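Participant: Can you keep this structure in mind? I'll have questions shortly.
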Amino acid sequence: MRDYIYNFWQGLYTILIGMKVTFRHLFVPAVTIQYPSVKPQLPERERNRLYVNMDDCIGCDQCARACPVNCIEIETVKSIPGEDLGTTSNGKKKALWVTTFNIDFAKCCYCQLCVFPCPTVCIYMTDVYEFSEFERDNLIFDFVTLLPEERIEKKKNYEEFQIKKEAEKAAAAKKAAEEKAAAPASKPVEPKQDGKEEIK
Amino acid sequence: MMYDWLYNLTGSEILAMFIVSLLPLFVFILPFALLAVLAERKVSAHMQDRLGPMRTGYHGILQTVADIFKLLQKEDLVPRETDKALFNFAPLLVFIGSYAAFAAIPFSGFFIGSKIELGLIFIVGVTGLVVAGILMAGWASNNKYSLLGAMRAAAQIISYEIPTLMIILMIIMLTGTLSLYDLSELQTAYFWNWLILGGPAVGLQKILLIPFMIMGCLIIYTSTLAEVNRTPFDIPEAESELVSGYHTEYSGMKFAMFFLAEYANMFAVSAIVAILFFGGYQSPFGYLGNTLGWTWLVPIEQFFWFTSKGLFFVFVQMWLRWTLPRFRVDQLMAFCWKYLIPFSFVILLLVGLIALM
């Protein structure tokens, strides 16, 4: 009988304790946020979608080599002499036209390994994390600032330059051969000049 | 009275009766159900440190309106192997059962659907239709979960009717009336005349009654909570065991009928507790209308007090729902038969002795 009364009392009392707890929580501010309109504060070192600042990119291919999943695809074309590509923000002279810079975010594992080797700090993580797509191909981001025609043009320019140089070389070789035939004297100067031109 | 006033206004008995019988539905139950569903979601959300519906209207005020429109648009689906007639009739019966209870509930001294003398017994009897409706729904659905839910509901409601009736009997013994209007009028003036504080009696009897009244109030509140199948007594629709019990197979408007009936029932039950123990529509500290001499204000004040008491008990029901876990079936029965019924018998006996004094 004592147990019976005690049980009854205990039941009532513990219900009141529970009700006190829930009532207190009625006035505790909610921990949820109104997601699309209010966004959570991201941590300082968050890793989300990559961004490439093409003004600073020198086309060195180091990020693509660092990528563990090969999601970065870079193609470059050498500039021809006389073209001015400008300098990067830390004063490096650009020498290559970057005609392809694709990052496939469907493959990207957001490891941030590509960010560290970049000599000009032009590839970095942004705070964008909502970029889902219905088509997988839409996740391949093209960062190149050149127009498609310009890219073709740059390639063509280089090829033409190359052909021209070949021709010049052939001509020079022919000339050298002729000169050689005439008098073998000033030979070792020419290849040096060629090399310099190429770097430019 | 509302009926007489409408009779004088319209000059037609049928029209007046029609309006009086429809008023509680459109003035009270539908807005209440809309509000209560929203309140339930908001209360549950805030008790769990969430926000609840926030998008439709300011802080999600229009959420239930949107839900009702969704339910109205839904296809009226009747599964193939069901007993069609019973299946279609069950939600109606459940709703009729819970709506008919409002006929005898005095919203204010001026507005009672029917001023019948046997109000209390009428409410207890007519809500019995809900059991029939639930059993019908469970059986007609031809679904094992529905049937189990309906069986549980029937067993539960019938068991918990006993302590409810015992406490009602105690009140009848003490006051000598079955009419809800007379019961409310008895507890008039100030809150110390409420039955929870011993009623209008004076002296030793009043003081002796108070503990029994508080116990009786707790018992009737618990047992009526079980009768409306709400947590912690919601085993007939226990989601984790029975999908959603007897209304598993229902969708669209028929489901909405069950839903509406549940919320109407919640208020009816709260109203009964308020009338029996908390003075019904009586104000706890006199009326502004009487002090200022505006007699027309008194029924409005009474309506205000009645709805606020009812809504408070509805809020406590929600509060309990989000505090307590669900009973197991055997615990539920043990709680009723081993605790509530003996206690209510003891209270009945002792209050009888005190009333004889």
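Chains as they are written, first to last, in our numbering: chain A, 1 to 200; chain B, 1001 to 1357.
Note that the Cβ used here is the ideal one computed from N, Cα and C, for glycine as well.
From a predicted model like this one, the values you see are computed outputs, not experimental measurements.
Here's the rule: buried if 16 or more other CB atoms are within 10 angstroms of the residue's CB, otherwise exposed. What is A/C111?
Facilitator: A/C111 comes out exposed.
Participant: On the CB-based measure, 16 or more other CB atoms within 10 Å of its CB, does B/L1242 come out buried or exposed?
Facilitator: Buried, by the Cβ-count rule.
Participant: Does the structure place the stretch 92 to 106 of chain A close enough to the stretch 66 to 82 of chain A that three or more beta carbon pairs sit under 8 Å?
Facilitator: Yes: at least three Cβ pairs fall under 8 Å.
Participant: Could you tell me the alpha carbon to alpha carbon distance between A/C122 and A/Y35, rounded to whole angstroms?
Facilitator: Looking at the two C-alpha atoms, the distance is approximately 31 Å.
Participant: Any idea what DSSP makes of A/D3, helix, strand or coil?
Facilitator: If DSSP states are grouped into helix, strand and coil, A/D3 belongs with the helices.
Participant: Would you mind giving the Cβ-Cβ distance between B/L1195 and B/I1171, rounded to the nearest angstrom? I have them listed as a contact below 8 Å.
Facilitator: Indeed they touch by this definition, with Cβ atoms about 7 Å apart.
Participant: With a CB to CB cut of under 7 Å and the five nearest residues on each side skipped, what residues in its chain are close to B/L1051?
Facilitator: Around B/L1051: A1045.
Participant: Could you check what DSSP says for B/Y1190 in three-state terms: helix, strand or coil?
Facilitator: DSSP places B/Y1190 in strand when its eight states are reduced to three.
Participant: Pick from B/R1328, B/F1345, B/T1127: whose alpha carbon is nearest that of B/A1238?
Facilitator: It is B/R1328 whose Cα lies nearest to the Cα of B/A1238.
Participant: By the DSSP assignment, the beta strand (DSSP E) with A/K78 in it spans what residues?
Facilitator: Run containing A/K78: 72 to 78, per the beta strand (DSSP E) assignment.
Participant: So who's on the other strand from A/L50, going by DSSP bridges?
Facilitator: A/L50 pairs with A/M125.
Participant: Taking the straight line between their C-alpha atoms, what separation do you get for A/D56 and A/L139?
Facilitator: Whole-angstrom Cα-Cα distance: 23 Å.
Participant: Hey, could you find the ends of the alpha helix (DSSP H) B/D1330 is sitting in?
Facilitator: Residues 1329 to 1334.
Participant: Just the chain B side, please: which residues come within less than 8 Å of A/L26 by C-beta, in chain order?
Facilitator: Residues of chain B passing the Cβ test: V1043, H1046, M1047.
Participant: Just grab the DSSP bridge partners of B/P1106 for me.
Facilitator: In the DSSP output, where bridge partners are listed per residue, B/P1106 has B/I1112.
Participant: So A/T100 is in the beta strand (DSSP E); what residue range does that whole segment cover?
Facilitator: First-last of the beta strand (DSSP E) with A/T100: 96 to 104.
Participant: Would you mind telling me which residues of chain A sit closer than 8 Å to B/L1186, beta carbon to beta carbon, in chain order?
Facilitator: None at all; the shortest Cβ gap to chain A is about 28 Å.
Participant: Does DSSP classify B/I1214 as helix, strand or coil?
Facilitator: In this structure, B/I1214 counts as helix in the three-state DSSP scheme.
Participant: Judging by CA-CA distance, which residue of A/T88, A/K20, A/K169 is the nearest neighbour of A/N53?
Facilitator: Nearest C-alpha to A/N53: A/T88.
Participant: Measure from the C-beta of B/M1151 to each C-beta in chain A and report whether the shortest distance is under 9 Å.
Facilitator: Judged by the 9 Å Cβ criterion, B/M1151 is not in contact with chain A.
Participant: Using a Cβ-Cβ cut-off of 7 Å (strictly less than) and excluding sequence neighbours within five positions of B/M1054, which residues of its own chain qualify?
Facilitator: Counting only Cβ-Cβ distances below 7 Å, and skipping sequence neighbours, we find G1060.
Participant: In the DSSP output, which residue or residues are listed as bridge partners for A/F141?
Facilitator: In the DSSP output, where bridge partners are listed per residue, A/F141 has A/I103.
Participant: Do the stretch 1117 to 1137 of chain B and the stretch 1295 to 1315 of chain B make contact, defined as three or more Cβ pairs closer than 8 Å?
Facilitator: Verdict: no, contact absent.
Participant: For A/F27, which of helix, strand or coil comes out of DSSP?
Facilitator: Three-state DSSP puts A/F27 in coil, outside helix and strand.
Participant: Give the straight-line distance between the Cα atoms of B/I1207 and B/F1122, rounded to the nearest whole angstrom.
Facilitator: Answer to the nearest angstrom: the Cα atoms are 31 Å apart.
Participant: Kindly provide the ranges of any alpha helix (DSSP H) runs that are 4 or more residues long and lie completely inside the stretch 1202 to 1273 of chain B, ordered along the chain.
Facilitator: Fully enclosed alpha helix (DSSP H) runs of 4 or longer: 1204 to 1227, 1239 to 1242.
Participant: How is A/K200 classed by DSSP in three states: helix, strand or coil?
Facilitator: Residue placement at A/K200 is flagged as unreliable, the pLDDT there being 45, under the threshold of 50; a coordinate-derived value is accordingly withheld.
Participant: Taking DSSP's pairing of strands, which residues face A/T87 in a bridge?
Facilitator: For A/T87, which the question treats as bridged, DSSP gives the partners A/K93.
Participant: Within its chain, find whatever has a CB closer than 7 Å to the CB of B/L1356; leave out the 5 residues flanking it on each side and keep chain order.
Facilitator: Result list for B/L1356: empty, nothing under 7 Å.
Participant: What residue does the alpha helix (DSSP H) around B/R1055 start on, and which one ends it?
Facilitator: It is not in any alpha helix (DSSP H) - B/R1055 carries neither H nor E in the DSSP assignment.
Participant: Could you tell me the boundaries of the alpha helix (DSSP H) in which A/C63 lies?
Facilitator: Counting along the chain, the alpha helix (DSSP H) containing A/C63 begins and ends at 62 to 66.
Participant: If we ignore side chains and look at the alpha-carbon of each, how far apart do B/L1353 and B/I1220 end up?
Facilitator: B/L1353 and B/I1220: Cα-Cα distance of roughly 20 Å.
Participant: Please name the residue, chosen from B/P1163, B/V1043, B/L1038, B/L1072, that lies closest to B/T1224 on a Cα-to-Cα basis.
Facilitator: Measuring from the Cα of B/T1224, the nearest candidate turns out to be B/P1163.
Participant: Looking at chain B, is there any beta carbon in it that lies within less than 9 Å of the beta carbon of A/T32?
Facilitator: A/T32 counts as touching chain B.
Participant: If you reduce the DSSP assignment to three classes, tell me which class B/G1285 lands in.
Facilitator: Reading off the sequence, residue 1285 of chain B comes out as Phe, not Gly. Looking at B/F1285 - three-state DSSP - the assignment turns out to be strand.
Participant: Between B/I1168 and the rest of its own chain, which residues show a CB-CB distance below 6 Å, the 5 nearest in sequence each way excluded?
Facilitator: Excluding sequence neighbours, B/I1168 sits near L1120.
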